[in-house]
Each structure stands twice: as C-alpha cells, then as structure tokens.
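Counting in full-length UniProt numbering, the sequence shown runs from 1 upward without gaps.
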Amino acid sequence: MAIYKAPLEDMRFVLNDVFQAEHLWSSLPPISEVTRDLSDAVLEEAGKMVENLLFPLNRDGDEEGCHFEDGVVTTPKGFKDAFKTYAENGWTAFSGNPEFGGQGMPKSLAVLFEEMMHSANSSFALYPALTNGATLCLDAHASDELKQAYLPKLYSGEWAGTMCLTEPHCGTDLGILRTKAVPQDDGSYQISGTKIFITGGEHDMVDNIIHLVLAKLPDAPAGSKGISLFLVPKFLPDAEGNPGERNGVAAGSIEHKMGIKGSATCVMNFDSAKGWLVGEINQGLACMFTMMNYERLSIGIQGLGLGEASYQSAVDYARERIQGRAATGAANPDGAADPIIVHGDVRRMLMTMRALNEGGRALSAYVGIQLDLVKFSEDEEVRRKAADRVALLTPVAKAFFTDRGFETTVLGQQVFGGHGYIREWGMEQFVRDCRISQIYEGTNGIQALDLAGRKVTRNGGRYVESFLAEVRHWIEENGQEAGLDGVREPLVAAVDRLQVATEELLRQAGDNPDAVNASAVEYLDLFGYVTYAWLWAMMMVNAAGRDDDFGRAKMITGRFYFERLLPRGEALARQLKAGAETMMSLDADLF
Numbered sequence: 001m002a003i004y005k006a007p008l009e010d011m012r013f014v015l016n017d018v019f020q021a022e023h024l025w026s027s028l029p030p031i032s033e034v035t036r037d038l039s040d041a042v043l044e045e046a047g048k049m050v051e052n053l054l055f056p057l058n059r060d061g062d063e064e065g066c067h068f069e070d071g072v073v074t075t076p077k078g079f080k081d082a083f084k085t086y087a088e089n090g091w092t093a094f095s096g097n098p099e100f101g102g103q104g105m106p107k108s109l110a111v112l113f114e115e116m117m118h119s120a121n122s123s124f125a126l127y128p129a130l131t132n133g134a135t136l137c138l139d140a141h142a143s144d145e146l147k148q149a150y151l152p153k154l155y156s157g158e159w160a161g162t163m164c165l166t167e168p169h170c171g172t173d174l175g176i177l178r179t180k181a182v183p184q185d186d187g188s189y190q191i192s193g194t195k196i197f198i199t200g201g202e203h204d205m206v207d208n209i210i211h212l213v214l215a216k217l218p219d220a221p222a223g224s225k226g227i228s229l230f231l232v233p234k235f236l237p238d239a240e241g242n243p244g245e246r247n248g249v250a251a252g253s254i255e256h257k258m259g260i261k262g263s264a265t266c267v268m269n270f271d272s273a274k275g276w277l278v279g280e281i282n283q284g285l286a287c288m289f290t291m292m293n294y295e296r297l298s299i300g301i302q303g304l305g306l307g308e309a310s311y312q313s314a315v316d317y318a319r320e321r322i323q324g325r326a327a328t329g330a331a332n333p334d335g336a337a338d339p340i341i342v343h344g345d346v347r348r349m350l351m352t353m354r355a356l357n358e359g360g361r362a363l364s365a366y367v368g369i370q371l372d373l374v375k376f377s378e379d380e381e382v383r384r385k386a387a388d389r390v391a392l393l394t395p396v397a398k399a400f401f402t403d404r405g406f407e408t409t410v411l412g413q414q415v416f417g418g419h420g421y422i423r424e425w426g427m428e429q430f431v432r433d434c435r436i437s438q439i440y441e442g443t444n445g446i447q448a449l450d451l452a453g454r455k456v457t458r459n460g461g462r463y464v465e466s467f468l469a470e471v472r473h474w475i476e477e478n479g480q481e482a483g484l485d486g487v488r489e490p491l492v493a494a495v496d497r498l499q500v501a502t503e504e505l506l507r508q509a510g511d512n513p514d515a516v517n518a519s520a521v522e523y524l525d526l527f528g529y530v531t532y533a534w535l536w537a538m539m540m541v542n543a544a545g546r547d548d549d550f551g552r553a554k555m556i557t558g559r560f561y562f563e564r565l566l567p568r569g570e571a572l573a574r575q576l577k578a579g580a581e582t583m584m585s586l587d588a589d590l591f
C-alpha cells in the first residue's frame with residue numbers, strides 16, 4: 001500500500017547545509033527572526049500534520065470525489081473537518097502579510113511545506129494553494145480598502161480564493177475572452193460571463209469564496225491589452241464584514257476528471273455579479289500574473305511532491321516483495337526468493353526516482369530563496385537580479401518538475417508491477433493526480449515557449465548569461481572540493497553545452513520564426529538537467545564530509561545522476577540543433 005513520511009532530514013540538509021538559509025534570513029529584516037531552530041520545528045510540525053491529518057484522506061478522497069447537486073459542491077468525507085483543523089492551527093496564514101494576519105514565513109521554507117502537502121494529499125493541497133495565490137495578488141495590487149476587507153478572512157481560513165481565467169473558447173489566448181465588466185455608479189462593476197476549469201470554484205469548506213476574475217470593460221482595447229482584474233465574492237460582505245447577500249455567481253457543474261478527484265474543478269457562471277477592480281483598468285493580466293507565477297511554482301511542486309510519495313511507496317514495496325534471485329547469488333537464502341530491490345532494473349527505477357526528487361527539492365528551495373530576496377531585500381540590485389532569476393526559472397520549475405514528476409510516478413507504478421495497476425495499492429492514483437500538473441497553469445509546452453521565447457530570445461539570452469555566470473563562479477570557488485571528484489568535468493561540459501544550445505537557439509530564431517516553437521521543449525529539458533547537475537554538485541560538496549548513512553547515500557545518488565541522467569542532455573542538444581525544417585515541412589493534410 002502507499003505510504004508517506006515527510007523527508008525532513010533531506011529538507012533540512014538542503015535548507016540549512018546547502019543554502020545556509022538562516023544566514024540569508026538574518027540579513028533580511030522582515031524575516032530576520034526566523035532561525036534554524038524555528039524552521040526545523042515548523043517542518044517537524046508540518047510533517048506530523050500532513051502525515052496524520054491529510055495523507056489518511058488521500059485515497060478515500062480519490063474514491064469518493066466531490067459531489068454536485070443544484071449548484072452545491074460537497075467535498076469528500078473528512079475534507080471539511082481537516083480544513084478546519086488545518087486553518088485553526090495557522091497553516092492558511094503561513095506566508096501571508098503579517099499586517100493583515102499572516103505569519104510572514106519565508107518562501108524558501110514554504111516551498112518545502114508545499115511539497116509535503118502535495119505528497120500527502122494533492123487534491124486537498126490545491127484549495128489553500130489557490131487561496132495563497134489570491135492573497136498574494138490582492139496584497140500586491142488591491143486597494144487598501146479591499147485588503148482590509150478580504151485578506152484577514154483569507155489568511156484565517158474562514159474564506160477561500162480562486163483564479164478565474166479560462167473560458168470555454170479560450171485558455172492560453174486570453175486576449176479573446178468574452179467575460180464583461182460594466183461600470184456602476186457606486187464604483188463597482190457588474191461581471192457577466194462563464195469561466196471553466198476553476199479549482200475550488202465552489203465547495204463546502206469555508207463560509208465565503210473570493211473569485212479573482214479576468215474580464216473586459218465595454219470600451220476596452222482589443223486583445224490582452226484590454227483585460228482587467230476584478231474581485232467577485234460569492235457572498236457580499238455585510239456591514240460587519242461577514243458573508244451577507246448572495247452574489248450573482250454560481251457553479252454550473254463540476255468536471256469528472258482523470259485525477260485530483262477530491263479537488264472541485266468547476267464551471268462558474270457570473271450573472272451580473274458585483275465585483276471590484278483590482279489594480280488598474282486594462283492591467284489585469286499583469287496583476288493576475290502575480291498569482292499565476294506563484295501557482296506555476298506551486299503546481300511544479302505538485303509534481304515533485306507526488307514523485308516523492310511514489311518513490312517512498314516503491315522503496316517500501318521493493319524491500320518486501322520477493323521475486324527471483326539476485327544476479328550475484330541469493331541475498332535471502334532462507335527465503336523462497338529475494339526481495340526485488342536486489343535486481344538491477346528495479347534499482348535503475350528507484351535511483352532515477354530518488355535522484356530526480358532530490359534534485360527537484362534543491363531547485364525548489366533555490367527558487368524560494370530568490371523569491372525571498374525579491375520580496376525582502378533592501379538592496380535594489382539584489383532584488384532586480386533575483387527577479388530576473390525567478391523569471392527565468394519559473395517555467396523551468398513548473399514544466400521540469402511536473403514532467404519528471406510524472407516520469408517518477410510511472411516508474412513507481414512500474415516497480416509494483418501488476419499491483420501498480422490496481423487501485424487499492426495507491427500507485428496509479430499518483431500517476432493520475434500528477435498528470436494534470438503537466439497541463440494546467442499553462443501547459444508544459446507553453447512553459448517551454450515562455451522560457452525559450454520571452455526569457456531567452458527576446459532579451460538576447462541575458463537571463464541565461466547571468467545564470468551561467470553564477471554557476472561558473474560556483475565551480476571556480478568549489479571545483480577542487482573532494483565531493484566533486486569525477487563529476488567536475490561532466491558539470492563543466494554540461495554548462496558549456498547549455499551555453500552552446502542557447503547560442504544555437506538564438507541563431508535559429510533569427511533565421512526561422514518556427515525555430516523557437518519547434519525546439520522549446522528540448523531546450524527547457526536541457527536547462528533542467530544542467531541546473532539539477534549544478535545543484536547536485538552543491539549537495540555533494542556539502543555531503544562529502546559526512547560519515548553517516550545520509551551522506552553516503554547522497555554521494556552515491558549524486559554520482560548516479562551524473563552518470564545516468566545528465567547524459568540525457570547530450571541527446572537533447574542534438575535534437576535542438578536539428579532545427580524546425582523537417583518538423584514543419586509535412587503538409588497538414590498528410591498527418
């Protein structure tokens with residue numbers, strides 16, 4: 001059966017040893033009081049919460065799913081009570097602005113908490129994830145009046161938030177959305193239209209749901225330049241700030257999905273619903289991207305978290321399941337057969353899963369640190385550099401985490417053999433739950449286009465040049481460390497390969513408009529494998545001096561990554577170099 005135990009030792013190693021987060025936090029006044037002791041204690045309590053409160057609901061929530069009747073959505077048994085406990089213990093306020101009731105915890109700590117949440121119960125995790133994104137957007141762009149009215153209730157967990165972008169006829173191309181916003185004399189707007197695929201659009205776990213809705217004013221410019229953002233509550237707050245009159249917004253149905261069945265995915269109908277402008281008129285997409293970029297990292301972490309849960313369950317099964325004999329002789333001579341963990345192919349799968357998960361955890365923490373610098377640093381140049389890094393790495397984290405997460409959950413299912421295909425063993429649920437992470441919040445193909453197009457070719461590779469300079473500087477400073485014996489040269493070669501690929505992408509883009517679209521996915525994957533190699537080198541330097549099982553396992557796993565996974569980048573570079581001509585030459589009617 002599926003199991004999960006929060007990987008606290010590895011999380012602490014990444015946070016405390018690899019990135020020395022306490023030193024960073026102490027230099028940033030708003031979070032300077034967050035110490036290693038506090039962060040360790042927070043991770044400990046978070047681990048207990050997800051293991052004991054959320055993970056036991058995961059399979060039953062998948063089996064039951066959400067219910068829809070006459071516009072009312074009911075979550076699976078246990079979800080509502082669990083959310084109440086979750087909120088009462090302060091988890092809904094984890095990274096929120098303390099001015100409005102948040103706890104103000106660092107993002108570099110929050111990403112590890114989010115990983116635990118998605119490992120334990122990805123369907124449940126999506127409800128607070130959307131609320132967190134909504135609070136981030138409101139805190140950054142809403143008026144003081146809206147912040148005072150809504151943020152405290154969202155941080156307390158009394159209310160929840162959503163993000164309403166997609167419509168039946170448009171997803172990525174938001175410039176053609178049809179939802180309308182008509183100005184009213186009192187400064188509000190009437191919002192009318194239909195949104196689909198709205199996570200947590202309607203459910204029974206909170207008293208009110210706050211929708212952030214993209215819409216267009218009657219005289220708005222065409223395309224994405226004419227989009228505005230509006231706050232539309234399910235219930236209009238009364239004079240005391242409590243839910244009052246029902247607003248003109250309701251769920252029309254819920255989707256019947258492949259996975260994340262405990263998460264209510266709704267069709268939402270807005271019928272002259274009362275809403276208020278967030279940010280400036282016609283600047284809604286820029287405001288919403290504050291939320292979308294948060295959600296993209298969070299959904300990336302969904303893939304990472306599910307990969308970790310699948311790995312742990314696969315290891316547990318491989319230690320117990322007996323089948324055949326080890327190639328070098330019986331490892332369990334008193335038994336009828338050996339546990340399958342002795343077999344090379346099972347080891348290949350488990351080591352691949354482990355190496356990808358631990359590399360992903362390090363990248364997640366690194367991006368979290370950059371977000372802390374953007375938010376809390378008093379040095380303008382530091383903030384600018386960190387913002388550039390976040391812009392570059394967000395599409396990588398979203399797409400690479402989820403593509404590798406899906407690969408990892410499939411490998412975990414494969415370790416179980418036939419049992420992996422049977423529902424009660426739990427492994428096929430990880431596969432199904434992970435699959436959506438490659439699709440929503442912008443498909444991974446769109447993430448690759450964002451990276452290769454906006455973040456590379458449009459600025460002449462400046463973001464990548466800065467990133468590779470940081471990696472090369474680290475190699476110069478640490479290249480002679482004992483932990484890098486045998487991996488320094490492959491790391492340098494991989495960094496060089498990424499630079500050459502970037503130059504090749506820029507060259508092709510100048511000659512052929514199809515080049516970026518044709519090679520974007522290969523470029524993003526190459527970028528991901530090289531970035532993991534750098535982070536694995538950092539982990540190996542910090543693990544080399546440890547004379548314990550953790551240190552030895554880290555070193556072996558790191559060498560496996562360099563020997564068996566990093567070489568994938570060589571093929572990706574060759575694919576990218578092939579260009580777009582052959583791919584685009586087949587006439588559409590010949591497919």
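Just so it is clear, CB atoms sit at the ideal spot from N, CA and C, and this is done for glycine as well.
Tyr155 and Pro243 have their C-alpha atoms spaced approximately 16 Å apart.
In the structure shown, Thr194 falls within a strand segment according to DSSP collapsed to helix, strand and coil. A straight-line Cα-Cα distance of about 31 Å links Glu441 and Asp40.
Taking C-beta separations shorter than 8 Å and ignoring five residues to either side along the sequence, the partners of Cys66 in its chain run Val73, Thr74, Thr75, Pro76, His203, Ile254, Lys261, Gly262, Ser263 and Ala264, following chain order.
For Val541 against Ala494, the beta-carbon gap comes to about 16 Å, at or over 8 Å, which does not count as contact.
Cβ neighbours of Phe13 within its own chain (closer than 8 Å, five residues either side excluded): Met539, Asn542, Ala543, Phe550 and Lys554. By alpha-carbon distance to Lys195, the top candidate from Ile210, Gly175 and Cys170 is Cys170. Counting only residues of its own chain and dropping the five nearest sequence neighbours on each side, Tyr294 has a CB closer than 6 Å to the CB of Gly133 and Leu136.
Leu363 and Asp334 have their alpha carbons spaced roughly 44 Å apart.
In terms of Cβ geometry, Thr179 and Phe235 do not form a close pair [threshold 8 Å]. The beta carbon of Gln499 sits closer than 7 Å to the beta carbons of Leu468 from its chain, once the five residues preceding and following it are set aside; these are given in chain order.
In terms of Cα proximity to Met116, the closest of Asp379, Ala87, Tyr4 and Val206 is Tyr4.
DSSP places Phe100 in the helix class (H, G or I) of the three-state scheme.
Counting only the Cα atoms, Ala82 lies some 10 Å from Glu88.
Counting only the Cα atoms, Ala501 lies some 11 Å from Val464. Among the bridge pairs identified by DSSP, Trp159 is matched with Asn208. Excluding five sequence positions before and after Gln323, the CB atoms of its chain that fall closer than 6 Å to its own CB belong to Ala337 and Ile340, given in chain order. The residues Thr409, Val410 and Gln413, in chain order, have a CB closer than 7 Å to that of Val431 in the same chain once the five nearest residues on each side in sequence are set aside. Classified as buried, Asp62 has 16 or more neighbouring CB atoms from the shown chains inside 10 Å of its CB. Excluding residues up to 5 positions away in sequence, Arg497 lie with their Cβ nearer than 8 Å to the Cβ of Glu570 in the same chain. A Cβ-Cβ distance of about 32 Å is found for the pair Ile191 and Gly104, leaving them out of contact under the 8 Å criterion. Cα atoms of Asp37 and Pro106: separation of roughly 14 Å, rounded to the nearest angstrom. Given a length threshold of 3 residues, each whole run of the beta strand (DSSP E) inside the region 104-180 is given here in chain order: 159-164.
The residue among Arg246, Thr166 and Phe124 with its C-alpha nearest the C-alpha of Gly200 is Phe124. Cβ neighbours of Arg296 within its own chain (closer than 6 Å, five residues either side excluded): Thr394, Lys398 and Glu441.
Taking the C-beta atoms as reference points, Gly303 is found no nearer than 8 Å to Ser119. Rounded to the nearest whole angstrom, the C-alpha separation of His419 and Ala2 is 11 Å. Distances from the alpha-carbon of Leu306 to those of Ala327, Asp433 and Ala318 put Asp433 closest. Scanning the region 315-393 from its first residue to its last, the whole alpha helix (DSSP H) runs of 4-plus residues come out as 344-376. Excluding its 5 nearest sequence neighbours in each direction, Ala520 has C-beta neighbours in its own chain below 8 Å: Gly445, Ala448, Leu449, Leu451, Ala452 and Gly453, listed in chain order. By the criterion of at least three beta-carbon pairs nearer than 8 Å, the region 269-287 is not in contact with the region 370-387. In this structure Lys385 is not in contact with Glu504, their Cβ atoms being roughly 26 Å apart against a cut-off of 8 Å. Between Val342 and Ala331 a beta carbon distance of about 5 Å is seen, short of the 8 Å cut, so the two are scored as contacting. Annotated three-state conformation of Lys234 is coil, per DSSP. Runs of the beta strand (DSSP E) lying entirely within the region 241-301 and spanning at least 3 residues, in chain order: 243-246, 249-254 and 265-278. Relative to Gln148, the option among Gly187, Ser108, Tyr189 and Gly102 whose CA is nearest is Gly102.
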